[in-house]
Every structure is written in C-alpha cells, then in structure tokens.
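Step one of this worksheet: look at the structure below.
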Amino acid sequence: MKTYDIIVVGTGGATIVADAAINKGKKVAIIEKGKFGGTCLTRGCIPTKVMVTVADAVREIEELPKIGVKVQPATIDWNLMSKRVWQKIDESKGVEAYYDKFDNVDLYRGAATFVKDKVLTVAMNTGEVTEEITAPIIVLGVGGHTKVNPIKGLDEAGYMSSESLFGNKYPQKPFKSLVVMGGGPIGTEFAHVFAAAGTKVTLIQHNVRLLPKEDAEISEQIYKDITRLGIDVILNQEPEEVRVENGEKIVVIRDRKTGEIREVRGEEILMASGIKPATEELKLENTSIQTKRGGWIVTNEFLETSVDGVYALGDINGEAPFRHKANYEADILAHNLFYATSPQDFRWARYDLVPAVTFTYPQVGHVGLTEQEALEKGYAVKTGKNFYSSTAKGFAMGFDPGDDNDGFVKIVVDEKTNHILGVHVIGPQASILFQPFVNLLNSGDTPLAPINEEIGSTLTKQLRQEGLVRKMDPHSVITVGETMSPHPTLSEVIMWTQVYYEHRW
Ligand SMILES: Cc1cc2nc3c(=O)[nH]c(=O)nc-3n(C[C@H](O)[C@H](O)[C@H](O)COP(=O)(O)OP(=O)(O)OC[C@H]3O[C@@H](n4cnc5c(N)ncnc54)[C@H](O)[C@@H]3O)c2cc1C
Ligand SMILES: NC(=O)c1ccc[n+]([C@@H]2O[C@H](COP(=O)([O-])OP(=O)(O)OC[C@H]3O[C@@H](n4cnc5c(N)ncnc54)[C@H](O)[C@@H]3O)[C@@H](O)[C@H]2O)c1
Numbered sequence: 001m002k003t004y005d006i007i008v009v010g011t012g013g014a015t016i017v018a019d020a021a022i023n024k025g026k027k028v029a030i031i032e033k034g035k036f037g038g039t040c041l042t043r044g045c046i047p048t049k050v051m052v053t054v055a056d057a058v059r060e061i062e063e064l065p066k067i068g069v070k071v072q073p074a075t076i077d078w079n080l081m082s083k084r085v086w087q088k089i090d091e092s093k094g095v096e097a098y099y100d101k102f103d104n105v106d107l108y109r110g111a112a113t114f115v116k117d118k119v120l121t122v123a124m125n126t127g128e129v130t131e132e133i134t135a136p137i138i139v140l141g142v143g144g145h146t147k148v149n150p151i152k153g154l155d156e157a158g159y160m161s162s163e164s165l166f167g168n169k170y171p172q173k174p175f176k177s178l179v180v181m182g183g184g185p186i187g188t189e190f191a192h193v194f195a196a197a198g199t200k201v202t203l204i205q206h207n208v209r210l211l212p213k214e215d216a217e218i219s220e221q222i223y224k225d226i227t228r229l230g231i232d233v234i235l236n237q238e239p240e241e242v243r244v245e246n247g248e249k250i251v252v253i254r255d256r257k258t259g260e261i262r263e264v265r266g267e268e269i270l271m272a273s274g275i276k277p278a279t280e281e282l283k284l285e286n287t288s289i290q291t292k293r294g295g296w297i298v299t300n301e302f303l304e305t306s307v308d309g310v311y312a313l314g315d316i317n318g319e320a321p322f323r324h325k326a327n328y329e330a331d332i333l334a335h336n337l338f339y340a341t342s343p344q345d346f347r348w349a350r351y352d353l354v355p356a357v358t359f360t361y362p363q364v365g366h367v368g369l370t371e372q373e374a375l376e377k378g379y380a381v382k383t384g385k386n387f388y389s390s391t392a393k394g395f396a397m398g399f400d401p402g403d404d405n406d407g408f409v410k411i412v413v414d415e416k417t418n419h420i421l422g423v424h425v426i427g428p429q430a431s432i433l434f435q436p437f438v439n440l441l442n443s444g445d446t447p448l449a450p451i452n453e454e455i456g457s458t459l460t461k462q463l464r465q466e467g468l469v470r471k472m473d474p475h476s477v478i479t480v481g482e483t484m485s486p487h488p489t490l491s492e493v494i495m496w497t498q499v500y501y502e503h504r505w
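In the UniProt record's numbering, the protein residues as written are 1 to 505.
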C-alpha cells in the first residue's frame, strides 16, 4: 500500500488544502476524475457568469432610453461569447499542468473509491485500478451534480443539464425555444441568458415561488422581473411526461393545486432541478463516514467527518453550495492543518453568514435570515424596506416610485436588540451592495459554536470545552480575509486585503 501525508479528492475548493500541503513539502496525492478546477471553473459559476454578463448588458441597454440614451437594439454575438466561455473552461488544462509539475505530488486522473475507512483505490480514466493508497489526512471535496428525478419519457426525449450544456451539448447558436425545468439559481440564470439571446424561454417551477430559498418578497419581485423579460414562468407544477413531436420536445405539466394539465414545448429541455452529492464512486458504504438526508456527508465546525482524519468540504457536506463557501472551508482546513501556531489558533466554520447571490436579471443577494426564518426562530422581527427609486442614484438610473421593476433592500432586525438578522437585495449590482453587512456581521468576538456535536476528535472535544473565541478585529486585514465575498463578484476586486491575507503565512 502506498502512503501519503495527505490525499485530496476533487480539485474544486479542496485545491486550497492541497496547495498548503504542497507548500509545506508534504507528500500529496491529488485525485480528480473529471476536468481539473471542479464545477465552478468548468461548468458552473465562471462560464455562466461570462454568459450572464453579456445578457445583463443587453437588458441594461434596453433600459437606457428611459433616461435619455438613444440606443440600437443590442444582440448577443453568440460565437464571441462562446469563445470566451470556452477560454475560461479550458483554463482547466492549466490547473492540471500546474499540479503535474511538483515532485511531491502524485496526480491520479480517475475516480477514488474507499476500500475501508482510510484506504482508497483509484479507477483510473485509462481503465486500470491502482494499488491501495492511504494517508493520515484525507480531504473529500467531490462536489455535487444535477439531480434529475425520473419523468416518464424524459430520457428517451433527451435533455440538457449544466454539465452537458458545458460539455457535448453546448449550443452552437441560441435555441429557438427552451423549456427550463427548475426555478432556483441555475434555472433563473440560464433563463435570463437564453431569453436575452432571443430564445423563447418557458420556465417550469415545482415550488410555488421562484428562488424559494430567498425571502418571500424577493421571490415575488423576481417573478415580476423575469416575466417582464418575456420569460413564461409557470409555478407550482409537477412534470408528468415528456414526448417528442415533429422534432419538438413537449413537456406535460400538472398544476399541483388545481390539477390542471398543460403542455409546454421547446427545441430543448434544460434540467435545473437541484443537485445531489457526487459520492457514487466513493463507495462510502465501505466506511463509517456518516451521511445525512440526501446522502451529503456530515461534518462539524472543523470540517471533520465521523472518521478521524477524513475531512469533507464544499458542496459535499450539504451546507450552502457556493464556491466561496467551499473556499472558506478549505482555507479553514489549510490553516488548521498546516499553519495554525497552536490548536488555540484554530479556525472553525459558521454557516449563518454565508452570502448568496443569484445572477439572474436583476441580481438577487442576501446574507442571514429571511423574515420567515427569523420568525420561526422566535425573534421579535422588525423589517425595513428601501427602494432604489427613493435614492438620488436610483432616480438617476431610471427608477421611479411605483415602477414594477423597482429594486429594493429589505433588512430583517431583532426588535429587542436592534441586531441585524438578515439583509436582502434585489436590483442592479445587488451582488455587491450587501457586502458591508457581510463584513460587519462577521466582525467582533466570535465564540466557537459546535456543529453536529456528535462528530469530534479528542482535540475537537477539548477545544469545545475550552470555549475558544476568535477575535475578528474589524480593523484587521485578517478579518477581511476570513470573511466571504460572493463569487464571482466585483467585491472580490475591492476586498483586496485578501491578497495580503493569502500571503500572510
Ligand atoms: C451552472 C452552475 C452555476 C453556478 N454558479 C455559481 C456562482 O455563480 N457562484 C457560486 O458561488 N457557486 C455557483 N455554483 C455552485 C458552485 O459551482 C459549487 O458550489 C462549487 O463548485 C462546489 O465546489 P466543490 O469544491 O465542493 O466541488 P466541485 O467544484 O464540484 O469539485 C468536485 C470535483 O471532484 C471530482 N470528483 C467527484 N467525485 C470524485 C471521485 N470519486 N474521485 C475523484 N474526483 C471526484 C469532480 O470531478 C469535481 O471536479 C454554480 C453551480 C452550477 C452547476
Ligand atoms: N449564483 C450562484 O451562486 C449559483 C448559481 C447556480 C447554482 N448555484 C448552486 O447550485 C445548486 C443547484 O442549483 P439549482 O438551481 O439547480 O438548485 P435549487 O435546488 O436551488 O433549485 C432547484 C429548483 O427546481 C425546482 N424543481 C425541482 N425539481 C423540479 C422539476 N422536476 N421540475 C421543475 N422544477 C423542479 C425546485 O422547486 C427548486 O426550487 C444550488 O444549491 C445553488 O446554490 C449557485
């Protein structure tokens, strides 16, 4: 059996831990079955935002006559945009080449499988299976992929997911018509992109709301905004059947309240119906790694799993599935494993202040609790709402009071203490507008708060007993560096202390 100091499975956020280990001269195994760089680079955040930025520009130009700019209709140069999409996806090759050059790194291009708790083999993409490998530290950052529940006729009709859209089904030109199944971030972002490209988009949502993880008032507004773009949104639907007729895909849907049956049609179907854990090949059943509902791996505040020395970060632990959250966790783990001066200097994860942005049109972003969540937690809730139109800049941008598309910020406060519980924004640049609140809420003395307390090494139990407090000094560049900015946003440019932070060791 071959032994490493550390094995890292998956090359998304987990590469931050690999980088730290490489830097410390450790013997590292990196295992990746797909494209190096993970979902965000190769089929997620980055290629979608190259497209969304183009779609945003088209829509922004359409708003300009209202404030006195004469414009010609803007259209998307699909070929140029696609070239830029693939330029980013192809950076994956550079990531692979980068890790290939280290003497202390073995790259395994294949799928990792557990034989038992700390022992893996790799089914190499070339066909052979490796000898067993082990390490005292194993980091699982295997992510997730599109969850498609069975629908009669769907497989026969064929469909796209974000994986195949950024793979062998990448469209050479915009579709004439598209049925998007799912009204979460993926569905609403792609609906915006294709609608701006001239595609007739029908969005079918299972839930009664679009973006149901957002505050209810944000969902209500985004429904108005998205339908204003000419996207046909049908809420609260159960897909019953898919069939092909004269080359068109027909989706039969049933209203979950009234039972009404309707048919919608499109040249193609995009399944954007959520994600599931990418644990198929790992064979967790050969280990005592605990999973929770949906198959996600249970982790604690130190990213430990129920097996000592095995850590899990990013989408796979079922906490907020964002790349900045994966990076945040990986950074914590890299610090604790390789750079902390003592266990008292350890960092731990918290998930109550993860910023979230959906890059549809307009942008939607939040940090903290929705009004409903705050009420359910028993707070005496007070809310405040301010519209873009009520500010001078908002007026200058063309928002008038009462406009159907007027953006707003909604703040959720604990009336007893005046503490901010949540901030929600919908409108232009929402992705960066709430960043001050993310930083504010992350500063101050932060006591260790156990997560999934049943999981914990001896050291973790000891640290929990000691009651660690991390001092998040609001003046410190370290605090800025330890606070998340949503990815990919211009906040990442302005939070420049991150550069200092990354080189702090
Ligand atoms: C279309 C789309 C748009 C998105 N947009 C955004 C956005 O704008 N902002 C944002 O923050 N998030 C966005 N996300 C979510 C974001 O991509 C994920 O949260 C993030 O990539 C998760 O990172 P990760 O490190 O957990 O895993 P991943 O980046 O998914 O990496 C996991 C890697 O593990 C590999 N792997 C899996 N199993 C094995 C195995 N057994 N052996 C070896 N390798 C294995 C996979 O091939 C993959 O490369 C988007 C996602 C999608 C699909
Ligand atoms: N900007 C971002 O940060 C960003 C962008 C894209 C994705 N992501 C992350 O990736 C993950 C996956 O995104 P997502 O939008 O697929 O997931 P999601 O779970 O947030 O939304 C999926 C939606 O599809 C609906 N749905 C489920 N099955 C359906 C069906 N058969 N027909 C119609 N509707 C159906 C659900 O009601 C749900 O609202 C998310 O958790 C998200 O956080 C983030």
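Glycine is no exception: its CB is placed at the ideal position from the N, C-alpha and C atoms.
Task: Rounded C-alpha distance that separates G143 from R323 - done: 10 Å
TODO: Put Y351 into one of helix, strand or coil per three-state DSSP.
DONE: Y351 falls in the coil class under three-state DSSP.
Open item on the list: If I follow the unbroken alpha helix (DSSP H) through A57, where does it start and stop?
Closed with: 45-63
Task: V251 vs I316 beta-carbon contact at 8 Å - done: no
- [ ] On a CA-only basis, which of G184, I137, K169 is nearest K147? Give me that one, please.
- [x] Looking at the Cα atoms, G184 is the closest of the given residues.
Task: Segment limits, beta strand (DSSP E) that includes A312 - done: First-last of the beta strand (DSSP E) with A312: 310-312.
Open item on the list: Once DSSP output is grouped into helix, strand and coil, what is the label at R209?
Closed with: In the structure shown, R209 sits in coil (DSSP, three-state: anything other than H, G, I, E or B).
TODO: Using 10 angstroms around the beta-carbon of P73, count the other beta-carbons present and answer buried if the total reaches 16, otherwise exposed.
DONE: Exposed, because fewer than 16 other Cβ atoms sit within 10 Å of the Cβ of P73.
Open item on the list: Measuring only from the beta carbon, is I420 closer than 7 Å to any heavy atom that is part of ligand 1?
Closed with: no
Open item on the list: Could you give the first and the last residue of the continuous alpha helix (DSSP H) run that contains R262?
Closed with: Note, R262: premise wrong, no alpha helix (DSSP H); beta strand (DSSP E) at 261-266.
TODO: Identify whether Q465 lies in helix, strand or coil by the three-state DSSP scheme.
DONE: Here Q465 carries a helix assignment [DSSP, helix/strand/coil].
Open item on the list: For T358 and Y388, what's the separation of their Cα atoms in angstroms?
Closed with: 18 Å
Task: Cβ-heavy atom distance, G187 to ligand 1, below 7 Å - done: no
Open item on the list: Given this structure, state the Cα-to-Cα distance separating G25 from P450, to the nearest angstrom.
Closed with: Computed Cα separation, rounded: 32 Å.
Task: contact_flag[the region 182-201, the region 230-247] where n(CB pairs < 8 Å) is 3 or more - done: yes
TODO: Can you tell me which of the three DSSP states K66 falls into?
DONE: helix
TODO: Would you mind listing the beta strand (DSSP E) stretches within the region 254-339 that are 3+ residues and don't spill past its ends, in chain order?
DONE: The qualifying runs are 261-266, 268-271, 275-277, 310-312.
Task: Complete runs of the beta strand (DSSP E) confined to the region 136-188 [at least 3 residues] - done: Qualifying beta strand (DSSP E) stretches, in chain order: 137-140, 144-146, 177-181.
TODO: Please confirm whether any heavy atom of ligand 1 lies closer than 7 Å to the CB of F322.
DONE: yes
Open item on the list: Tell me the rounded alpha-carbon separation between L235 and K118.
Closed with: 46 Å
- [ ] Check whether the Cβ of A356 lies closer than 7 Å to any heavy atom of ligand 2, and answer yes or no.
- [x] yes
Open item on the list: Checking the sheet assignment: what are the DSSP bridge partners for F387?
Closed with: F408
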